[in-house]
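Worksheet: one structure, shown below.
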Amino acid sequence: MRSIISFLLVTLVLTTSLFAQSKQKHPNVLFIAIDDINDWIGPLGGNKQAITPNMDKFYNNGAMVFKNAVCAAPICGPSRSAILSGFLPSTSGIYGNGHDMTFSDVVKRNATLPEYFSKNGYHTLSNGKIFHKHGTKNGFTDFGAWAYDEFARGRRYNNDKADSEYVTSGKSGIINGVKNPDFKEKNCKLSWGPTKDNFEETVDYAVADWAKNQLERDFDKPFFMSVGFIKPHLPWFVPKEFFDMYDLNKLEAPKVNEKDLDDILNKKGLPEFKATDEYKWVKKHGLEKEATRAYLASISFADACLGMVLDALEKSGHADNTIVMLWGDHGWHLGEKMRYKKSTLWAEVVHTPLLVKLPGMKKGHISNKTVSLLDMYPTLVSLCNLPKKKNIEGRDFSILLKNTKSNWDYPGITVSASGTSVVTPQLHYISYLSGTEELYDVVKDPLEIKNLINNKNYKKEIQKLKKFVPLNRVQAKKEHYDKPKNYVDADQDPSIKLGRDLNKLQ
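Take 1 as the starting number for the sequence shown in the UniProt record's numbering and just add one per residue.
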């Protein structure tokens, strides 16, 4: 009997040891997205007024902050399609929110990030906005349900709109509940104000609470968990408590140089850009501070939701074996370059938060190397000791997580429907399909005011940067807009599993 007991004890110890080694070999992944967030967070210092205690804590507790992280595309759908597929828009043909990545030839053949983890033994699960909702003329939508073992997609917006006493809406021209009779900027789409919902009634809270509950579970294999927060995406409707964090009388709006666009000229020598309707509307009514507060309030709201997830991870049994990757899909303009919103190739949109924490990291680190969100796919594959996926376009930056001084000379490339941005720690080059070009020395001119494209002293640098502009662009096909006859919409019935055959995917 003693021999049997001894044998069982030895077996148990060995099994436990092997299990621990298995977990060590394949860590969990917590993959967290925040929509439309720029560098207005504590660790990046883009706006010193921003109140983001949970991101601050995440950094102070060991996360690495990439100060020169860039998005792969400057709008939600193409950015997320690039991140999750591993291919730039110029390769996939996904340039707009109406283009569905599942109809792209290259995506049809290749596993997306969560699918690749599923192929290699991970349990994948998701809630919130990770993949993008693709609107088409036939009403086809897709949230990426097909890519996960578990998919829990909540509603997108809160139950209640903002209290009309406070809302400022460009679509209707309402200011503090009163319709403005001379409102003319019909294309302005800004809208903000405190909601009637309490914090616990909001969508992002529900997503955070779901993640908290999942982190309390036991998993029989490593997990890849995606958590996507909607805010600070428009409309800026968040609970009043987050607006109250910012004193409007003390708040400062970004300073705008209204001659900033004068030296960005097309081939005819005329200005390529002008002020947008949103900018003109905000300026006309003197709402710069109000818009700034609304965006900051939305960021603080997202930070509070993030804190729920990070606190839950700390209290769970998974903290010592979980990689956390926190990212924003692209940045945002708050008046700079005489515009609001996104979709440009300027620094305000191209740059976005990227923070990574590996098990064992105890002190915050800052990297000034230029990395792309496209690089997250190969980096996670490497960090989790999975087979290398050789054909994707991102680069593995795991060496920077181990040593911030490692050699890394790659630029960050952003591709839009209108052109390409190439960023290095010293320069920012922009090439438009129209032929217009821009160059900024971001060390001497961090606000990117002076266009140096015709400065002869930068001729060699311009030629080097031009080599990174994609020569060939895959065009979006007609079927990107057409709903297949046999397709069942996951948005209408979230219980439907639209899985692809992983064995047929590279």
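Glycine included, every Cβ here is placed at the ideal spot set by N, Cα and C.
key: Three-state secondary structure (DSSP) of residue 408   = To locate residue 408, count along the sequence shown from 1; it is residue 408. Coil at residue 408, not helix or strand.
query = Are at least three pairs of beta-carbons, each pair with one atom in the stretch 436–453 and one in the stretch 236–250, less than 8 Å apart?
reply = no
Neighbour-count burial assignment, residue 409, 16 or more Cβ in a 10 Å radius = Indexing the sequence shown from 1 puts residue 409 at position 409. Exposed.
task = Might you give, ordered along the chain, the residues of its own chain that have their beta carbon closer than 6 Å to the beta carbon of residue 298, omitting 5 neighbours on each side?
result = Stepping through the sequence shown from its first residue, residue 298 is reached at position 298. Same-chain partners within the cutoff: 231, 232, 236, 238.
ask   = Apart from the five residues just before and just after residue 132, which ones in its own chain have a Cβ nearer than 6 Å to its Cβ?
value = The residue labelled residue 132 in the question sits at position 132 within the sequence shown. Hits under 6 Å: 76, 77, 80.
task = Using beta-carbon positions only, say whether residue 352 and residue 68 come within less than 8 Å of one another.
result = Your numbering for residue 352 matches position 352 in the sequence shown. Your numbering for residue 68 matches position 68 in the sequence shown. No, they are not a contact pair.
ask   = Between the C-alpha atoms of residue 153 and residue 431, what's the straight-line distance to the nearest angstrom?
value = By one-based count along the sequence shown, residue 153 stands at place 153. By one-based count along the sequence shown, residue 431 stands at place 431. Approximately 38 Å, taken between the alpha carbons.
query = Cβ atoms of residue 326 and residue 54: under 8 Å apart, would you say?
reply = The count along the sequence shown starts at 1 and reaches residue 54 at position 54. The count along the sequence shown starts at 1 and reaches residue 326 at position 326. Cβ atoms of residue 54 and residue 326: not closer than 8 Å.
task = Please check the pair residue 114 and residue 145, which I expect to be a contact at CB under 8 Å, by giving their CB distance rounded to whole angstroms.
result = Here residue 114 is taken as the residue at index 114 of the sequence shown, counted from 1. Here residue 145 is taken as the residue at index 145 of the sequence shown, counted from 1. About 11 Å separates the two Cβ atoms, so there is no contact after all.
task = Starting from residue 128, follow the beta strand (DSSP E) in both directions and report where the run begins and ends.
result = The residue given as residue 128 occupies position 128 in the sequence shown. Here the beta strand (DSSP E) through residue 128 covers 123–128.
key: Under the three-state DSSP convention, the category residue 40 falls into   = Here residue 40 refers to the residue found at position 40 of the sequence shown. DSSP places residue 40 in coil when its eight states are reduced to three.
task = Return the CA-CA distance between residue 50 and residue 43, expressed in angstroms with no decimal places.
result = One-based indexing of the sequence shown puts residue 50 at position 50. One-based indexing of the sequence shown puts residue 43 at position 43. When rounded, the distance between both Cα atoms is 10 Å.
inquiry  = Between the stretch 25–40 and the stretch 203–223, can you find at least three pairs of beta-carbon atoms closer than 8 Å?
reply    = yes
inquiry  = I need the DSSP call for residue 506, collapsed to helix, strand or coil.
reply    = Position 506 of the sequence shown, counted from the start, is the residue given in the question as residue 506. Correct three-state label for residue 506: coil.
key: Contacting residues, own chain, Cβ-Cβ under 7 Å from residue 293 (five flanking each side not counted)   = In the sequence shown, the residue the question calls residue 293 occupies position 293. Taken in chain order, the residues that qualify are 243, 246, 248, 251.
ask   = Who are the Cβ neighbours of residue 470 in its own chain at under 6 Å, not counting the five residues just before and after it?
value = Mapped onto the sequence shown, residue 470 falls at position 470. Counting only Cβ-Cβ distances below 6 Å, and skipping sequence neighbours, we find 90.
message = I'd like to know whether the C-beta atoms of residue 340 and residue 291 end up nearer to each other than 8 Å.
response = Here the question's residue 340 lines up with position 340 in the sequence shown. Here the question's residue 291 lines up with position 291 in the sequence shown. Yes; because the gap between Cβ atoms is below 8 Å, this pair is in contact.
query = Taking the DSSP output, what are the residues bridged to residue 271?
reply = Along the sequence shown, one-based indexing puts residue 271 at 271. DSSP, once it has assigned bridges, lists 265 as partnering residue 271.
ask   = Count the other CB atoms within 10 Å of the CB of residue 214; is the residue buried (16 or more) or exposed (fewer)?
value = Indexing the sequence shown from 1 puts residue 214 at position 214. Classification for residue 214: buried.
key: Those residues which DSSP pairs with residue 440 across a bridge   = Taking the sequence shown and counting its residues from 1, the one referred to as residue 440 is at position 440. BP columns for residue 440 point to 428.
query = Using the beta-carbon count (16 or more within 10 Å), is residue 271 buried or exposed?
reply = Position 271 of the sequence shown, counting from 1, holds the residue named residue 271. When all chains shown are included, residue 271 counts as exposed.
Any 3 or more C-beta pairs closer than 8 Å across the stretch 458–477 and the stretch 92–112 = yes
query = Do you know offhand how far residue 137's Cα is from residue 197's?
reply = In the sequence shown, residue 137 corresponds to position 137, counting from 1. In the sequence shown, residue 197 corresponds to position 197, counting from 1. Residue placement at residue 137 is flagged as unreliable, the pLDDT there being 49, under the threshold of 50; the coordinate-derived value follows with that caveat. So the alpha carbons of these two residues sit roughly 32 Å apart.
message = Can you tell me whether residue 292 is helix, strand or coil according to DSSP?
response = Within the sequence shown, numbered from 1, the residue matching residue 292 stands at position 292. In this structure, residue 292 counts as helix in the three-state DSSP scheme.
request  = Give the DSSP-derived three-state secondary structure of residue 66 in the structure shown.
outcome  = Counted from its first residue, the sequence shown places residue 66 at position 66. DSSP places residue 66 in strand when its eight states are reduced to three.
ask   = In three-state terms, what does DSSP make of residue 368?
value = As a working note, residue 368 is residue 368 in the sequence shown. Of the three classes helix, strand and coil, the one that applies to residue 368 here is strand, per DSSP.
query = Quick one, are the C-beta atoms of residue 350 and residue 414 less than 8 Å apart?
reply = For the purposes of this step, residue 350 is taken as residue 350 along the sequence shown, with counting starting at 1. For the purposes of this step, residue 414 is taken as residue 414 along the sequence shown, with counting starting at 1. Yes, they are a contact pair.
message = Using 8 Å as the threshold, is the C-beta distance between residue 66 and residue 354 below it?
response = For the purposes of this step, residue 66 is identified with residue 66 of the sequence shown, where counting begins at 1. For the purposes of this step, residue 354 is identified with residue 354 of the sequence shown, where counting begins at 1. Closer than 8 Å, so yes.
key: Cut-off 6 Å between Cβ atoms - residues of its own chain near residue 324, not counting five sequence neighbours on either side   = What you label residue 324 is simply residue 324 of the sequence shown in a count that begins at 1. Answer for residue 324: 30, 357, listed in chain order.
query = In this structure, what does DSSP give as the bridge partners for residue 381?
reply = Counted from its first residue, the sequence shown places residue 381 at position 381. According to DSSP, which records beta bridges pairwise, residue 381 is partnered with nothing at all.
request  = Could you check if residue 200 is buried or exposed, using at least 16 other CB atoms within 10 Å of its CB as the buried criterion?
outcome  = If you number the sequence shown from 1, residue 200 lands on position 200. Exposed: under 16 other Cβ atoms inside 10 Å.
task = For residue 461, name the three-state secondary structure that DSSP assigns.
result = Position 461 of the sequence shown, counted from the first residue, corresponds to residue 461. DSSP places residue 461 in helix when its eight states are reduced to three.
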